[in-house]
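Enquirer:
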Amino acid sequence: MRPMEEGGTLFLWGDWTVYTLTACEDLLERVLPGWNAPSGEGAEGAHGPSPAPEADFFPMILALEGIHKMDTAGALLLNSLAGASPAGLVPVVRTDNADFRTLLEISQPAAGEVKRALPPWPARFLHKLGSKILEETYLMGQLLSFFGAFTLYTLRLLRHPGGLRLAAAVSQMERVGLHALPIVCLLNFLIGMVIAYMSASSLAFFGAQIYVVNLLEVVVLREMGVLITAILAAGRSGSAFTAQLGFMVYNQEVDAMRSMGLDPMAALIFPRILALCLSLPCLTLAADMAALLGGLVSVWGSMDISPTVFVHTLQQSISVEHILVGLVKAPFFALAIGCVGCFLGMKVTGGSDSIGALTTRSVVEGIFLVITLNAAFALFFNAAGI
181 MRPMEEGGTL
191 FLWGDWTVYT
201 LTACEDLLER
211 VLPGWNAPSG
221 EGAEGAHGPS
231 PAPEADFFPM
241 ILALEGIHKM
251 DTAGALLLNS
261 LAGASPAGLV
271 PVVRTDNADF
281 RTLLEISQPA
291 AGEVKRALPP
301 WPARFLHKLG
311 SKILEETYLM
321 GQLLSFFGAF
331 TLYTLRLLRH
341 PGGLRLAAAV
351 SQMERVGLHA
361 LPIVCLLNFL
371 IGMVIAYMSA
381 SSLAFFGAQI
391 YVVNLLEVVV
401 LREMGVLITA
411 ILAAGRSGSA
421 FTAQLGFMVY
431 NQEVDAMRSM
441 GLDPMAALIF
451 PRILALCLSL
461 PCLTLAADMA
471 ALLGGLVSVW
481 GSMDISPTVF
491 VHTLQQSISV
501 EHILVGLVKA
511 PFFALAIGCV
521 GCFLGMKVTG
531 GSDSIGALTT
541 RSVVEGIFLV
551 ITLNAAFALF
561 FNAAGI
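One point on numbering: in this note's numbering, the residue at position 299 of the sequence shown is 479, and numbering is uninterrupted.
1) Would you identify the three-state DSSP class for Ala440, choosing helix, strand or coil?
2) Thinking Leu456 and Ser419 are a contact (beta carbons under 8 Å), I'd like their distance in whole angstroms, please.
3) Helix, strand or coil for Thr317, going by three-state DSSP, please let me know.
4) Quick check: the region 428-444 against the region 393-408, are there 3 or more CB pairs under 8 Å?
5) Do we get a CB-CB distance below 8 Å when we pair Asp251 with the residues of chain B?
6) What is the rounded straight-line gap between the Cα of Phe513 and the Cα of Gln495?
7) Is there contact between the region 366-376 and the region 440-450, where contact requires at least three CB pairs shorter than 8 Å?
8) Apart from the five residues just before and just after Leu344, which ones in its own chain have a Cβ nearer than 7 Å to its Cβ?
9) Quick check on Pro362: buried or exposed, where buried means 16 or more other Cβ atoms within 10 Å of its Cβ?
10) Within the chosen definition, does the region 456-469 reach the region 507-523 through at least 3 CB pairs nearer than 8 Å?
11) Suppose the cutoff is 6 Å on Cβ atoms and the five residues either side in sequence are ignored; what does the same chain contact list for Thr493 look like?
12) Taking Lys165 as part of the beta strand (DSSP E), name the residues at either end of that continuous run.
13) Using the rule of at least 16 other Cβ atoms within 10 Å of the residue's Cβ for burial, across every protein chain shown, is Ser478 buried or exposed?
14) Mind reading off the beta-carbon distance from Leu568 to Val364? Whole number of angstroms is fine, and I expect it under 8 Å.
15) With a Cβ-Cβ cutoff of 8 Å, do Gly525 and Gly415 count as a contact?
16) In chain order, what residues of the same chain have a beta carbon less than 6 Å from the beta carbon of Ser459, not counting five sequence neighbours either side?
17) Does Leu306 come out as helix, strand or coil in the three-state DSSP assignment?
18) Taking the continuous alpha helix (DSSP H) assigned at Val400, which residues delimit it?
19) Which of helix, strand or coil does DSSP assign to Val434?
20) Could you tell me whether the Cβ atoms of Ala471 and Ile390 are closer together than 8 Å?
21) Compute the distance between the beta-carbons of Ile453 and Leu515, then report whether it is under 8 Å.
22) Restricting to runs no shorter than 4 residues, where is the alpha helix (DSSP H) found entirely within the region 495-556?
23) What span of residues does the alpha helix (DSSP H) with Asp567 cover, start to end?
24) Closest to Ile408 by C-alpha separation, out of Asn259, Ile551, Val272, would be which residue?
25) Can you look up Arg274 in the DSSP assignment and give me helix, strand or coil?
26) Using 8 Å as the Cβ pair cut-off and three pairs as the minimum, do the region 247-261 and the region 194-206 touch?
27) Helix, strand or coil: how does DSSP classify Tyr333 here?
28) Could you check the C-alpha separation between Val273 and Cys204 for me, to the nearest Å?
29) Can you list the alpha helix (DSSP H) stretches of 4 or more residues lying completely in the region 360-418, in chain order?
30) Thinking C-beta only, is Cys519 closer than 8 Å to Phe570?
31) Check this for me: beta carbons of Asn368 and Gly405, under 8 Å apart or not?
32) Alpha carbon to alpha carbon, how far is Ser542 from Val398?
33) Quick one: Cα of Pro183 to Cα of Glu245, how far?
34) Report, in whole angstroms, the separation of the C-beta atoms of Met483 and Ala380, which I expect to be a contact under 8 Å.
35) In whole angstroms, what is the alpha-carbon distance linking Gly220 and Phe330?
Printed below as a string of structure tokens:
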């Protein structure tokens, strides 16, 4: 393969394939120094056309009669050479091989392709922010539509209870409720210990250590018990719903169910949400007891308040109202977590990447909705004087 010049013509020989690409580039660099310089040093960059190559001449004709083989890699290299010509000069590619001409045509850059400078960062930031707001708004509308479909199916099920898939609901209750009981109790036990210890340390300055029991009763029964349990459910059950349904969508099992006349809402979605709504209040009760037990252990060990005194003080200060406030919030938290998990699971469109991204999103949005609902309940109960 030996290029040579003759009256503004560059004759090319040999094989121009991916296997000889490096040798061809080195040979062109020796004949036309600087023809393939990077942006700002000889190639067309964002600030305008490139200067002429450093060679004494630039060929007006590229003669390809001596080329024996060419693939897309060689065609791309020749198109790059033609595109590196000085402004106003367009080399003519001369060849009688129809296959070579076809390769050169299909490997040319897109017509009208112009490198544009990026807009300033405030404009890019506002564009991304606006796009994200529109995307989340659209997704929230779809979620509300999904919740409406779930509500309509629930009302239809109340009229015809025979359509309830009880076995599927019980199976899901075992998974989201019974299997979650150990981790829920352990975590709330530790949180109860921390709350009691920190509260007792602060109240010790005023000699009011005994009131740690009253503080623990209010904080755990009204807020922390149900909140921590719901966050655990969002991370455990909500993500599981998204992953399970997403994998079924990816494997086209949901499409197969529809083709057989089965409703995914009845067979897959409703049993999961119902199981979570029934299980979360039970988990909340267990979490409350575990947190109070953790508080008892903490004050017994750190402040020498005996279990008898702790239980007696708790019996005098405990309020059924506080228990009910926590239990009332649990089904609403479960409904939000279940709807988000199932909705995002049915939104899977790709493979493992889509399942992973939507599973993560399910956890984040489930926790966000739980905390938002908890704040709304706090304002409502405060306004109602409860």
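Idealized CB from N, CA, C, for every residue including glycine.
Expert: So, to answer that:
1) In the sequence as displayed, the identity of residue 440 is Met instead of Ala. It is coil, neither helix nor strand.
2) Rounded, the Cβ-Cβ distance is 12 Å, inconsistent with contact.
3) helix
4) no
5) Any reference to chain B falls outside this structure, which holds one protein chain only.
6) 28 Å
7) no
8) Leu337
9) exposed
10) yes
11) Val393
12) An answer regarding residue 165 cannot be provided, because it is not within the stretch 181 to 566 covered by the chain.
13) buried
14) No statement about residue 568 is possible, as the shown extent of the chain runs from 181 to 566 and does not include it.
15) No, they are not a contact pair.
16) Met353, Val356, Gly357
17) helix
18) Unbroken run through Val400: none, as it is neither H nor E.
19) helix
20) no
21) Cβ atoms of Ile453 and Leu515: closer than 8 Å.
22) 500-526
23) Residue 567 is absent from the structure shown; the chain starts at 181 and stops at 566.
24) Looking at the Cα atoms, Ile551 is the closest of the given residues.
25) strand
26) yes
27) Assigned with DSSP and collapsed to three states, Tyr333 falls in helix.
28) 17 Å
29) 361-383, 392-398, 405-413
30) This structure does not reach residue 570, given that the chain is present from 181 up to 566, and the question cannot be answered.
31) yes
32) 30 Å
33) With a pLDDT of only 43 at Pro183, under the threshold of 50, the placement of this residue in the model should not be trusted; the figure read from the coordinates follows. Spanning the two alpha carbons is a distance of roughly 12 Å.
34) 5 Å
35) Its pLDDT being 42, under 50, Gly220 is placed unreliably by the model, and the measurement read from it follows with that caveat. When only Cα atoms are considered, Gly220 and Phe330 end up about 59 Å apart.
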